[in-house]
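Under the UniProt record's numbering, think of the first position of the sequence shown as 1, with each following residue one higher.
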Amino acid sequence: QATHVGGHTPQRGGGGHRGGRGHFANLSWTPGDGVKGGHLVQPGDKSREGSTSGQKDPDPEDDDNPFRPPADLRADDESRKKKATPTGANGKHNAFGKTAAEKEAEAEKEKSKISFSIKGRASQQTASAEKAAPAAPKPETSPLLAKKTPAPVSPLVQTSVPKSSNYVGNTRIERKPSPPPTKKEVIRKKRLKARPELSDDFKASESVYYRKTGNESVVGSGTYGKVYKGIHVYTGRKVALKKIRMEGERDGFPVTATREIKLLQSLNHNNVVALQEVMVERNDCFMVFEYLSHDLTGLLNHPTFTLTPAHKKDLARQMFEGLDYLHRRGVLHRDIKAANILISKTGTLKFADFGLARFYEKRRKQDYTNRVITIWYRSPELLLGETQYGPAVDIWSAACVLVEIFTRHAIFPGDGGEINQLDKIYAVLGTPSRSEWPGITELMWYELLRPTQRIPSTFKEKYADRVSPEAFELLQAMFLFDPASRPTAADVLEHPYFTHEEPQAQRLWELDQLDGDWHEYESKALRKEKERAEKEARRKEREVAEQKRKADEMAGGNGGGNAALPQPPPEKKMRTSEALA
1 QATHVGGHTP QRGGGGHRGG RGHFANLSWT PGDGVKGGHL VQPGDKSREG
51 STSGQKDPDP EDDDNPFRPP ADLRADDESR KKKATPTGAN GKHNAFGKTA
101 AEKEAEAEKE KSKISFSIKG RASQQTASAE KAAPAAPKPE TSPLLAKKTP
151 APVSPLVQTS VPKSSNYVGN TRIERKPSPP PTKKEVIRKK RLKARPELSD
201 DFKASESVYY RKTGNESVVG SGTYGKVYKG IHVYTGRKVA LKKIRMEGER
251 DGFPVTATRE IKLLQSLNHN NVVALQEVMV ERNDCFMVFE YLSHDLTGLL
301 NHPTFTLTPA HKKDLARQMF EGLDYLHRRG VLHRDIKAAN ILISKTGTLK
351 FADFGLARFY EKRRKQDYTN RVITIWYRSP ELLLGETQYG PAVDIWSAAC
401 VLVEIFTRHA IFPGDGGEIN QLDKIYAVLG TPSRSEWPGI TELMWYELLR
451 PTQRIPSTFK EKYADRVSPE AFELLQAMFL FDPASRPTAA DVLEHPYFTH
501 EEPQAQRLWE LDQLDGDWHE YESKALRKEK ERAEKEARRK EREVAEQKRK
551 ADEMAGGNGG GNAALPQPPP EKKMRTSEAL A
């Protein structure tokens, strides 16, 4: 690359030593009384004067280099060159007659000069100066010693070489693998809790859930099996053990239990009972639920406990909140009744018994069995053979439960048959017309179970005075014959009965002070015991009346002489009076 000086571009082509034109033999020039190479020229300083020896002076007439100084300045320079040029014996320029010392001095002069030329020419001048200087003699080395010279080692390897003075480096240093990192093993020891002292009954229990022998621990019974009250022997936690009936199951595990387990595992709501685990014990299978002390049937049949209007509203609100959750999740309960609604001691209501529940299609209708729901709570469309139904069947059942909460009595208590159940419904709500229920004629069993006469509704006469006005209006909406016209669970929660009418809902905290557990099973047992006692009392009354009649007949045959009649002993009389009491 060329260096631009004074805004001019030097011409290409070699210098004088290359046969080219336009270059000085020495590109450094010094005026007579100026600075040379940026340094002031001292008088007598001959080390900074002169040019490179051994080079041919160019012809002044043949030099057209633009870097050449003008002639007036060049005259003094040329005179100095002539004086400084050494000559031989013949008076001519002798470039080969210099001694080694002179060549060395000239090389030092060349090193001190500052060139304005390009880097390529500066490097050439340095190389020529190095050629002129005699090279220092190299020490002789034998081939054997050269082989022992260690090879260069990378800095990474040199760090591992010991710093000992007598260490002889090898040509190859093997890198040792680094030791594996030490792992600290943390041993965690569990502090075992002290095993609690178990009672004799808990120690004798073969299961982790203790149950009383016989029927003492039974809290429910039905077609599905029995429900037992169990207590965890170590934690003391109460659970409800639902025994799955395996009798008569030729296909293995019953499909109803499988569906119930699958449904309960997918549900999580405050108003839905929680399935804790499934336990297999010997040849029996149990579903383990959380235990709730009461159900709605047992609570309504309690001999002394009564519900206030605020308590009734709170129970109704919780029931429809849980039902709204089920329907939003696409689940039909299909067995809503008072016995399947559990209530805790803190007043929380929960749906239980999902043995007949199933998922349903919201966007399209499918055929399902109509042999579902306890018949007292079964809707009229199911009684007439409908198989394509939806959440409206649960709304009808919930309305029946709501009437029970208000009145403590079932609204449609039949004898268990479909025809009798329809008669019970028609007796309260009247017979439906085609205008009230457009799709009634398309039902499967409509022609078979068509009512023979028109029956008017008596619902208002029976219940208008027993419930509040808003509650009566809500019941009328839920007891519509057309399932498409019934409100949803979400609509029920927005009804003025829950939002505006007084009193406001109040949680049933008083159940915590209620003695004992009250379920349908206990209430049935209590009712049966009461019926048995009443029957026994009536039988004894009939026996006493029969004895009195016979005694009167015998007294009349003897002419009315009562003295001849044998008198019963006093103890006998006392026993009779005790029996009558």
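Note that the Cβ used here is the ideal one computed from N, Cα and C, for glycine as well. Being a predicted model, the structure only gives us computed values, none of them experimental.
Taking a contact as a CB-CB distance under 8 angstroms, the pair Y224 and R245 counts as one, their CB atoms being some 6 angstroms apart. In the DSSP assignment, the residues bridged to A240 are K229, F289. Sequence-distant partners of N301 (beyond 5 residues in either direction) whose C-beta falls short of 6 angstroms from its own C-beta, in its chain, are S523. Distance from A339 to D295 at the Cβ level is roughly 6 angstroms; contact confirmed, criterion being Cβ atoms closer than 8 angstroms. When only Cα atoms are considered, K183 and E174 end up about 27 angstroms apart.
Taking C-beta atoms under 8 angstroms as the contact rule, L382 and Y389 qualify, at a distance of about 7 angstroms. I373 sits away from V403, with the two beta carbons spaced by 8 angstroms or more. Your pair H409 and G322 does not check out as a contact, with CB atoms roughly 23 angstroms apart and the cut at 8 angstroms. C-alpha of A398 to C-alpha of A257: approximately 24 angstroms in a straight line. With a 10 Å radius around the Cβ and a threshold of 16 neighbouring Cβ atoms, V255 comes out exposed. If you keep only unbroken alpha helix (DSSP H) runs of at least 4 residues inside the region 304 to 345, you get 309 to 328. The C-alpha of T346 is placed about 6 angstroms away from the C-alpha of D512. The beta carbons of F359 and V331 sit about 6 angstroms from each other, so the pair counts as a contact at 8 angstroms. Pairing K243 with D284 gives a Cβ-Cβ distance under 8 angstroms.
DSSP places Y210 within a strand segment (E or B) once states are collapsed to three.
Within the DSSP bridge table, the entry for L349 names I343 as partners. Two segments are said to touch when three or more pairs of C-beta atoms, one from each, lie closer than 8 angstroms; by this definition the region 487 to 494 does not touch the region 514 to 529. Under a 10 Å Cβ-count criterion, H519 is classified as buried, with 16 or more other Cβ atoms of the shown protein chains found around its own Cβ. Here the region 442 to 456 makes no contact with the region 342 to 357; the two share fewer than three CB pairs at distances below 8 angstroms.
From the listed residues Y325, E386, I419, the smallest Cα separation to T452 is found for I419. Taking the CA atoms as reference points, E536 sits about 11 angstroms from E543. In the DSSP annotation of this structure, E436 is not part of any beta strand (DSSP E), being labelled neither H nor E.
Distance from the CA of V273 to the CA of Q421, rounded to the nearest whole angstrom, comes to 30 angstroms. Within the DSSP secondary-structure output, W518 pairs in a beta bridge with H294. Boundaries cannot be given for M444, as no beta strand (DSSP E) includes it and DSSP labels it neither H nor E.
Secondary structure of V218 (DSSP, three-state): strand. If you check the CB distance, I425 and P380 come in under 8 angstroms.
Linking S217 to G236 through their CA atoms gives a straight-line distance of about 15 angstroms. Taking the Cα positions, W509 is about 22 angstroms away from T499. The beta carbons of I405 and L315 sit about 6 angstroms from each other, so the pair counts as a contact at 8 angstroms. S293 has its alpha-carbon roughly 11 angstroms from the corresponding atom of T348.
For L493, no beta strand (DSSP E) run applies; the uninterrupted alpha helix (DSSP H) run containing it begins and ends at 489 to 493, by DSSP. The beta carbon of M478 lies closer than 8 angstroms to those of I395, W396, A398, A399, L402, R486, P487, V492 in the same chain, with the five residues before and after it left out. A107 sits buried, since 16 or more C-beta atoms from the chains shown fall within 10 Å of its C-beta.
If you look at V278, you'll find it in the beta strand (DSSP E) that goes 275 to 281.
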